[in-house]
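Residue numbers (this note's numbering), protein chains in the order written: chain S, 30 to 579; chain V, 7 to 172.
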Ligand code: HEM
Ligand code: SF4
């Protein structure tokens with residue numbers, strides 16, 4: 030994991046002092062609310078329905094155990110004792126006091142953490158695959174590149190006041206896209222050209238929210254050394270020509286659409302020609318330097334599927350089910366990737382208490398070289414667990430609530446905070462997730478249904494990624510009443526697609542029933558090998574409509 | 007006389023900012039040094055030949071590209087920030103400095119607030135007409151709030167990754 034040097038430490042210390050100064054001036058009335066707004070947003074501080082909310086950055090989802098412990102302490106000392114893992118791989122606190130935020134930032138800085146640019150019209154936290162560096166099928170480890178993007182985007186002087194927020198995601202795996210790169214403002218996908226050189230396929234202009242778009246490719250191959258200059262060219266074109274007259278048309282996706290992807294790409298190329306050979310071009314030394322922080326931990330030399338795993342799997346059905354669902358293949362023999370699910374029925378998806386954060390820290394120390402990762406599905410990953418310790422780990426995490434063996438299934442729901450916390454919500458979302466989880470409490474049945482993404486957002490801002498859920502649920506407001514609209518067929522995978530709206534919306538009580546009908550259509554129509562999405566794509570939306578509105 | 011912040015301290019501002027003339031209105035020049043709207047200046051360039059007390063200003067939507075070959079000798083160019091949240095002026099400043107080689111005084115005018123000064127400086131501004139209600143006593147801290155930066159910009163040719171790697 031990246032470790033700060035003197036430069037990083039000093040810059041961050043100065044940032045904390047700056048925000049303290051700004052907060053003091055705001056509290057003293059020297060800064061108007063309007064003037065303070067972008068400053069506090071760029072330090073992660075929202076003002077929400079019930080209290081301020083602080084969004085803490087977790088660069089590319091990576092956390093060390095000391096950082097987890099610090100988050101636990103902060104949530105205890107300054108909040109109500111829990112935190113929330115978000116779909117942007119960040120951590121949110123729901124109840125901090127405005128006056129305390131400079132102190133919280135100072136405490137975070139001590140463990141090389143911050144809330145930089147987690148909100149506001151600037152370049153946000155860059156996200157990537159939570160399995161980066163440990164899976165067998167990736168081209169390279171994307172994290173050093175994410176770290177270079179992090180540094181480049183941090184306090185970028187030209188791009189702190191963009192027309193709108195800006196999100197970059199990176200994927201390095203050929204088979205999967207766990208970072209949903211095609212629904213980001215910029216998506217970067219590692220690729221090689223005909224000469225075998227490493228570079229990126231560049232997508233620009235995707236995103237969810239009010240106008241969801243799966244992004245077009247604007248460059249098939251960008252050499253790796255040109256990463257930052259090209260990003261700079263894209264951002265400059267956006268900064269200059271993105272719409273500023275209408276907040277709802279200000280995202281880069283609207284600009285790319287209006288110009289057409291081809292014309293936009295040409296404009297970027299023209300801009301890039303001027304800057305590609307400047308000192309901002311990366312160097313092999315610079316990349317090597319950052320790569321040195323992401324070297325392999327001290328793996329033992331082991332064999333796959335040891336007796337200490339085989340035997341308990343044969344004897345213990347629940348453990349076996351958990352291994353099948355929540356444990357993924359690792360590039361090193363004898364190791365596994367474990368996902369701790371934060372989706373126990375009755376707990377809001379992604380919520381973790383201070384005690385749980387400490388437990389995750391302890392688990393990371395004991396089983397995974399002191400590191401954990403946040404996933405955009407609001408779960409937590411231990412990336413380097415020895416297979417011969419899986420049984421022991423499983424027994425340890427069951428009482429902690431992390432062993433719900435539903436990863437990737439219908440009940441592993443992505444869910445935004447919705448009307449329970451969010452001032453923008455049209456409807457609650459957490460109780461809908463819970464009701465669906467209760468309806469589908471027969472795990473054998475849930476396993477039989479296989480992989481299904483069910484995503485819920487409380488309003489069209491789409492924090493819960495409902496557009497790219499195989500089943501998407503969107504809270505809508507009808508004359509002050511909460512209703513839920515369903516869409517089917519979304520995917521955030523490499524074959525990304527947006528869901529299609531099923532029809533008129535439903536009352537909250539109807540939701541479990543409606544989901545069940547949808548599932549039954551799948552069960553009745555599927556062939557042996559088909560996932561929910563496969564079946565949907567084959568038979569289309571009509572059979573679902575017929576059953577649900579019958 | 008209004009104040010102007012430069013990197014060496016606070017000065018009296020001798021220059022008058024001339025606003026864009028309304029439709030059909032003639033250009034009336036003030037006495038003394040004046041900053042004209044770029045388009046107006048371009049249309050009337052012959053009138054100002056040989057004068058070194060005429061500068062221009064760009065609005066945030068304007069394109070310095072159009073003026074690239076004409077501006078080298080201007081003593082002052084200003085860039086207007088109609089709202090402090092309108093970030094286009096940062097890109098304009100970098101283009102003027104880095105692409106069109108402008109070396110004279112580059113001023114930020116309009117809704118210029120303290121907490122943006124550091125970014126403005128990095129993008130090539132070297133003079134700031136702070137919004138009137140803001141206290142210039144804070145300017146020095148705000149201009150120097152960070153002692154280092156990750157990226158290359160007008161004030162730093164070598165990005166930190168190059169300085170670190172060497
Ligand atoms: C509770 C406070 C929150 C507020 C006020 C809020 C506000 C917003 C708004 C206004 C947007 C739409 C922006 C746009 O499309 O231009 C948005 C988008 C988004 N938010 Fe939130 N959000 C909140 C919490 C969260 C949480 C908890 C998560 C993660 C679980 C999240 C993740 C996202 C994501 C992923 C988008 C993406 C939309 C896109 O790709 O365009 N937000 N949020
Ligand atoms: S989707 Fe809407 S309700 Fe949910 S967190 Fe985002 S803004 Fe709030």
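Note that CB positions come from ideal geometry on N, CA and C, so glycine has one too.
Predicted model, so just to flag it, every value in this text is computed and none were measured.
- S/167 is the residue among S/167, S/187, S/193 and S/398 whose C-alpha sits nearest the C-alpha of residue 205 of chain S.
- Under the three-state reduction of DSSP, residue 30 of chain S is assigned to coil, being neither helix nor strand.
- Straight-line measurement puts the Cα of residue 414 of chain S at about 5 Å from the Cα of residue 365 of chain S.
- The continuous beta strand (DSSP E) containing residue 116 of chain V extends over residues 111 to 116.
- Using a Cβ-Cβ distance cut-off of 8 Å, the stretch 107 to 117 of chain V and the stretch 134 to 141 of chain V are in contact, since at least three pairs of beta carbons, one from each stretch, lie closer than that value.
- Distance from residue 120 of chain S to residue 85 of chain S at the Cβ level is roughly 5 Å; contact confirmed, criterion being Cβ atoms closer than 8 Å.
- At least one heavy atom of the ligand SF4 lies closer than 8 Å to the C-beta of residue 451 of chain S.
- Contact check for residue 478 of chain S against residue 498 of chain S fails: the beta carbons are separated by 9 Å or more.
- Relative to the ligand SF4, the beta carbon of residue 486 of chain S is positioned inside 8 Å of a heavy atom.
- Membership of residue 159 of chain S in any beta strand (DSSP E) is not indicated, and neither H nor E is assigned to it by DSSP.
- When the alpha-carbon of residue 578 of chain S is set against those of S/223, S/565 and S/514, the nearest one is in S/514.
- The criterion of a C-beta distance shorter than 9 Å is not satisfied by residue 196 of chain S and residue 133 of chain S.
- Following the DSSP letters along the chain, one finds residue 200 of chain S inside the beta strand (DSSP E) bounded by residues 197 to 200.
- Following the DSSP letters along the chain, one finds residue 17 of chain V inside the beta strand (DSSP E) bounded by residues 15 to 18.
- Taking CB atoms only, residue 151 of chain V has a neighbour in chain S less than 9 Å away.
- Within its own chain, the residues whose Cβ lies closer than 6 Å to the Cβ of residue 506 of chain S, once the five positions on either side in sequence are excluded, are 455, listed in chain order.
- When CB distances to chain S are screened at a threshold of 9 Å, the residues of the stretch 116 to 144 of chain V falling below it are 119, 120, 121, 122, 124, 125, 126, 127, 128, 129, 140, 141 and 144, in chain order.
- Here the stretch 437 to 448 of chain S makes contact with the stretch 372 to 380 of chain S; the two share three or more CB pairs at distances below 8 Å.
- As the crow flies, the alpha-carbon of residue 54 of chain V is around 31 Å from that of residue 128 of chain V.
- Residue 158 of chain V reaches chain S at 307, 308 and 309, counting residues in chain order whose Cβ is nearer than 8 Å.
- Secondary structure of residue 115 of chain S (DSSP, three-state): coil.
- Using a cutoff of 8 Å, the CB of residue 489 of chain S counts as near the ligand SF4, since one of the ligand's heavy atoms is closer than that.
- Residue 428 of chain S and residue 388 of chain S have their alpha carbons spaced roughly 11 Å apart.
- The beta carbons of residue 410 of chain S and residue 164 of chain S sit no closer together than 9 Å.
- Within the DSSP bridge table, the entry for residue 367 of chain S names S/356 and S/411 as partners.
- Annotation: residue 261 of chain S to residue 555 of chain S spans about 47 Å, alpha carbon to alpha carbon.
- When S/354, S/403 and S/449 are compared, the shortest CA-CA separation from residue 423 of chain S is found for S/354.
- In the structure shown, the three-state DSSP call for residue 448 of chain S is helix.
- For the pair residue 90 of chain V and residue 128 of chain S, the CB atoms are not nearer than the 9 Å cut-off.
- Taking 9 Å as the cut-off, the beta carbon of residue 319 of chain S is found no closer than this to the beta carbon of residue 296 of chain S.
- Interface annotation for the stretch 41 to 70 of chain S against chain V: 43, 47, 51, 64, 67 and 68, criterion Cβ-Cβ distance under 7 Å.
- Under the 10 Å beta carbon count, residue 511 of chain S is surrounded by 16 or more other beta carbons and is classified as buried.
- Going by beta carbons, residue 188 of chain S and residue 73 of chain V fall outside the 9 Å limit.
- Straight through space, the alpha carbons of residue 417 of chain S and residue 337 of chain S are spaced by roughly 5 Å.
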